[in-house]
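Enquirer: Got a structure for you, written out below as structure tokens; questions coming shortly.
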Amino acid sequence: MNDGYDAGHGDDQYELVGYDEYGRPVYRQAQGHAQPGHQQQYDPYAQQQGQQYGQPGQQYGQPGRPGEQQYGQQQYGQQGYGYDPYATGSQQPVQQPYDPYGSQGGYDTGQQPAQPPYDPYGRAATSGPQPRVAEQTAHIPQQAGPPEERERTEHPGAAEPGGDYRTEQFAFVEEPAGDSEDVIDWMKFTENRTERREEARRRARSRIVALVVVLALVAVGGVGYLWYAGKLPGLSSSDDKTGGTTTAGAQKRDVIAVHLHDTKGGGTSTALLVNNTTTEQGTAVLVPNALALTGDDGSTTTLAKSVGDEGPDATRTALDSALGTDIEGTWRLDTPYLQILVDLVGNIDVDTDADVPDPESKDKGAGPLVHKGEGQTLSGKMAVAYATYRGKGEDANAQLQRFGQVMQGVLRKMSSDPQGATTTVQTLGLILDPPLTEKDLGTFLAGLSDRAKGGDFKTALLPVQDDGGLSAEASDSVVKDVLGGTAKSPDKDAAVSVSVRNATGVEDRTGKARVVLLNGGFTFVSGGTASGTEAASKVVYAEAADKENAVQVAKTLGLPTDAVSQGKVSANARVSVVLGQDYKPAS
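In terms of the numbering used here, the sequence shown opens at residue 68 and continues consecutively.
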């Protein structure tokens, strides 16, 4: 039984004639297989149906193979192509199945007569069957076109040939312009220049902030130093600027008392080593042994007796009361240790003022151990002999000044490094009096050594009268300027120090006034004995805050209150009293 759908079987029924513009193969029916008695007719409806229903068959075979169109024909060919939906009148006979390759339909079995061409709009054919043109080729509509065709299908307005727009007109979308590289380079240049400017601005802001911080720190540090040094105006009631210099009372000082004990000849010598950190000056204040001091029990004594009998602590307290100082420690230096100290620093150079014999020599005709002259080099033994020497008929202060020269020579040779100076002190093997320690002493001596090497160290003799008192005029230059005695601010609960000067002409009046003042809760400071007499007693205070204290002193001594006045007082006291002939002590 012949099947019209077997037309696709057999590779010899179609032959390849070429490829279309999309690269798809095009076949035509071989001439040897044409059915006799039948002419190939053009059927436009059949072509339309093949385009509409041939697509499913494409899924099951490669495009271009004629035999692979069978599935689409089997799927949709059951309706038959003889049906005319637009026809009126009698039903048309069933037509031969659709041949997508232009054949009328499969093999001719001779059972079906030839039909005229079908007009899909119901019009009858005006002519008979058309002879098949040999050059006509089969068209395969099922194959998809290239991407360009699909895009034209999706966007007909832009892809339709012959339209207002052509694809070539939009070439700039896909193809970069010729000057695109220049534009990119310009954009990069602009961006880099902008970044450099921003970076420069950031660096400038950072520098400005850093500069402001540094200036602020410098300003704060400068103000802090001025405050610490007491150079800021208006911050202290005791500040009294004269010519832009800081008053003596506002200066900071470190003070240590040195007592030289002559273990062979006997006697002591005292010096107060002062390091003024404000003025950066060093001074050795030489204190005569005749200085009158007041003991804890109110009794009057001298410096020499206090050092030998009372000890370092009591002596330091008495010196503080008499001079208005704040001595931080006491260094007891025996003559053997002085000798070792000079040898450790490598001898000293001193401008000697006298020939000093050797105290250990028994030969009276032997030459001096120390020669008089400038720049004499002294060993340890020579330095001890010179520091303790007092010639016949010389004042005691002459020997004290020689001791000061030796101390200045030692400081010039001492190490300016605190650790080095501390090592020297430790090598001596001294037993220091508390609270002074080896480290404290070494650091203190290193600071004074730096002053001595720089020429900022001097010696000063404290003027003391024969009776051991300090006159207000003579002691101000040392006590006030060097020691800063008037700057001492006693505690509120501390006893008021009262300096008493006897101008009555009666010697025992001083002792009686001392007892009365001590019993009244005051601190007695000896002001010595005047060379003459005065008729009326005087009670003088310097600060307005001490006016009431001066009134109480006058009442305690039995003096009239009109004797109280404001004026200049002794540097080591807050109230000064001059006892006149009108003073009548209680019996």
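C-beta: ideal position from N, C-alpha, C; glycine also.
Quick caveat: nothing in here was measured; it's all calculated off a predicted structure.
Expressed to the nearest angstrom, what Euclidean distance is found between the alpha-carbon atoms of residue 514 and residue 394?
Expert: Reading the sequence shown from its first residue, position 447 is the one you call residue 514. Reading the sequence shown from its first residue, position 327 is the one you call residue 394. Taking the straight line joining both Cα atoms gives about 17 Å.
Enquirer: Under the three-state reduction of DSSP, which class applies to residue 567: helix, strand or coil?
Expert: Here residue 567 is taken as the residue at index 500 of the sequence shown, counted from 1. Residue 567 falls in the strand class under three-state DSSP.
Enquirer: For residue 348, which residues in the same chain have their Cβ closer than 6 Å to its Cβ, ignoring the five residues on either side in sequence?
Expert: Taking the sequence shown and counting its residues from 1, the one referred to as residue 348 is at position 281. Cβ within range, chain order: 523.
Enquirer: One question on the structure: do residue 24 and residue 636 come within less than 9 Å of each other, judged by their Cβ atoms?
Expert: Nothing about residue 24 can be reported from this structure: the residues present for the chain run from 68 to 654 only.
Enquirer: Cα separation between residue 428 and residue 510?
Expert: Taking the sequence shown and counting its residues from 1, the one referred to as residue 428 is at position 361. Taking the sequence shown and counting its residues from 1, the one referred to as residue 510 is at position 443. Roughly 38 Å between the two C-alpha positions.
Enquirer: Between which two residues does the beta strand (DSSP E) holding residue 577 run?
Expert: On the sequence shown, position 510 is the one that residue 577 refers to. From DSSP, residue 577 is part of no beta strand (DSSP E) but of the alpha helix (DSSP H) over 576-586.
Enquirer: Excluding sequence positions up to five away, which residues of its chain have a Cβ less than 8 Å from the Cβ of residue 572?
Expert: One-based indexing of the sequence shown puts residue 572 at position 505. Here the set comprises 600 and 648.
Enquirer: Report the start-end ranges of each alpha helix (DSSP H) in the segment 481-556 that is 4 residues or longer and not cut off at the edges.
Expert: You should have 485-495, 505-520 and 539-542.
Enquirer: Ignore the nearest five residues each way along the sequence and tell me which others in residue 331's own chain have a CB closer than 8 Å to its CB.
Expert: Residue mapping note: residue 331 aligns to position 264 of the sequence shown, counting from 1. Hits under 8 Å: 402 and 426.
Enquirer: Are residue 499 and residue 392 closer than 9 Å when you measure CB to CB?
Expert: Here residue 499 corresponds to residue number 432 of the sequence shown, with the count starting at 1. Here residue 392 corresponds to residue number 325 of the sequence shown, with the count starting at 1. Their beta carbons are not under 9 Å apart, which means residue 499 does not touch residue 392 by this criterion.
Enquirer: If I follow the unbroken alpha helix (DSSP H) through residue 629, where does it start and stop?
Expert: Residue numbering aside, residue 629 sits at position 562 when the sequence shown is read from its first letter. Where residue 629 is concerned, there is no enclosing alpha helix (DSSP H), given that its DSSP letter is neither H nor E.
Enquirer: Alpha carbon to alpha carbon, how far is residue 276 from residue 518?
Expert: As a working note, residue 276 is residue 209 in the sequence shown. As a working note, residue 518 is residue 451 in the sequence shown. The straight-line gap from Cα to Cα measures roughly 40 Å.
Enquirer: Inspect the CB distances between the segment 373-382 and the segment 626-644 and report whether three or more fall short of 8 Å.
Expert: Flag = no, the segment 373-382 and the segment 626-644 do not touch.
Enquirer: Specify, as a first and last residue, the run of the beta strand (DSSP E) that residue 92 falls within.
Expert: Position 25 of the sequence shown, counted from the start, is the residue given in the question as residue 92. Start and end: 92-96.
Enquirer: Residue 640 and residue 566 - do their beta-carbons sit closer together than 9 Å?
Expert: Counting from 1 along the sequence shown, the entry for residue 566 is found at position 499. Counting from 1 along the sequence shown, the entry for residue 640 is found at position 573. Closer than 9 Å, so yes.
Enquirer: Leaving out the 5 sequence neighbours to the left and right, which residues in its chain are closer than 6 Å to residue 468 when beta-carbon positions are compared?
Expert: On the sequence shown, residue 468 is found 401 positions in, with the first residue counted as 1. Answer for residue 468: no residue qualifies.
Enquirer: Which of helix, strand or coil does DSSP assign to residue 393?
Expert: Within the sequence shown, numbered from 1, the residue matching residue 393 stands at position 326. Three-state DSSP puts residue 393 in coil, outside helix and strand.
Enquirer: Bridge partners for residue 326 per DSSP, in chain order?
Expert: Along the sequence shown, one-based indexing puts residue 326 at 259. BP columns for residue 326 point to 337 and 399.
Enquirer: Please return the same chain residues whose Cβ sits closer than 7 Å to the Cβ of residue 408, not counting the five positions on each side in sequence.
Expert: Counted from its first residue, the sequence shown places residue 408 at position 341. The answer, listed in chain order, is 477 and 495.
Enquirer: Compare the C-alpha of residue 439 against each of 430, 453 and 422 and name the closest.
Expert: In the sequence shown, the residue the question calls residue 439 occupies position 372. The option with the nearest alpha carbon to residue 439 is 422.
Enquirer: Are the CB atoms of residue 460 and residue 405 within a distance shorter than 9 Å?
Expert: Here the question's residue 405 lines up with position 338 in the sequence shown. Here the question's residue 460 lines up with position 393 in the sequence shown. Cβ distance not < 9 Å, so residue 405 and residue 460 don't count as in contact.
Enquirer: Nearest-angstrom Cα distance between residue 445 and residue 472?
Expert: To locate residue 445, count along the sequence shown from 1; it is residue 378. To locate residue 472, count along the sequence shown from 1; it is residue 405. When rounded, the distance between both Cα atoms is 11 Å.
Enquirer: Could you tell me the alpha carbon to alpha carbon distance between residue 95 and residue 87, rounded to whole angstroms?
Expert: As a position in the sequence shown, residue 95 is number 28, starting the count at 1. As a position in the sequence shown, residue 87 is number 20, starting the count at 1. Roughly 13 Å between the two C-alpha positions.
Enquirer: Name the one or two DSSP bridge partners that residue 444 has.
Expert: If you number the sequence shown from 1, residue 444 lands on position 377. Paired residue(s): 416.
Enquirer: Are the segment 572-583 and the segment 609-618 in contact at 8 Å, needing three or more beta carbon pairs?
Expert: Contact between the segment 572-583 and the segment 609-618 is absent, because fewer than three Cβ pairs lie under 8 Å.
Enquirer: Buried or exposed: where does residue 433 fall if 16 or more other Cβ atoms within 10 Å of its Cβ makes it buried?
Expert: By one-based count along the sequence shown, residue 433 stands at place 366. The residue is exposed, with fewer than 16 neighbouring Cβ atoms inside 10 Å.
Enquirer: Start and end of the alpha helix (DSSP H) containing residue 318?
Expert: Looking up residue 318 in the sequence shown gives position 251. Residue 318 -> no alpha helix (DSSP H), and no H or E assigned at all.
Enquirer: Using the beta-carbon count (16 or more within 10 Å), is residue 535 buried or exposed?
Expert: Position 468 of the sequence shown, counted from the first residue, corresponds to residue 535. Residue 535 comes out buried.
Enquirer: What does the Cβ neighbour count give for residue 501, buried or exposed, with the cut at 16 atoms within 10 Å?
Expert: Indexing the sequence shown from 1 puts residue 501 at position 434. Exposed, since its Cβ has fewer than 16 Cβ neighbours within 10 Å.
Enquirer: Out of 288, 520, 323 and 328, which one is the CA nearest neighbour of residue 339?
Expert: Sequence index remark: in the sequence shown, residue 339 carries index 272 (1-based). Ranking the options by Cα distance to residue 339, first place goes to 323.
Enquirer: Measuring straight from C-alpha to C-alpha, what distance separates residue 646 and residue 574?
Expert: Taking the first residue of the sequence shown as 1, we reach residue 646 at position 579. Taking the first residue of the sequence shown as 1, we reach residue 574 at position 507. The alpha-carbon atoms of residue 646 and residue 574 are separated by roughly 11 Å.
Enquirer: Based on the DSSP secondary-structure assignment, which residues constitute the bridge partners of residue 593?
Expert: One-based indexing of the sequence shown puts residue 593 at position 526. Paired residues: 567.
Enquirer: What's the C-alpha gap between residue 626 and residue 650?
Expert: Translated into positions along the sequence shown, residue 626 becomes position 559. Translated into positions along the sequence shown, residue 650 becomes position 583. Each residue's alpha carbon lies about 7 Å from the other.
Enquirer: Look up residue 439 in the DSSP assignment and say whether it is helix, strand or coil.
Expert: As a first step, residue 439 must be located in the sequence shown, where it is residue number 372. In this structure, residue 439 counts as coil in the three-state DSSP scheme.
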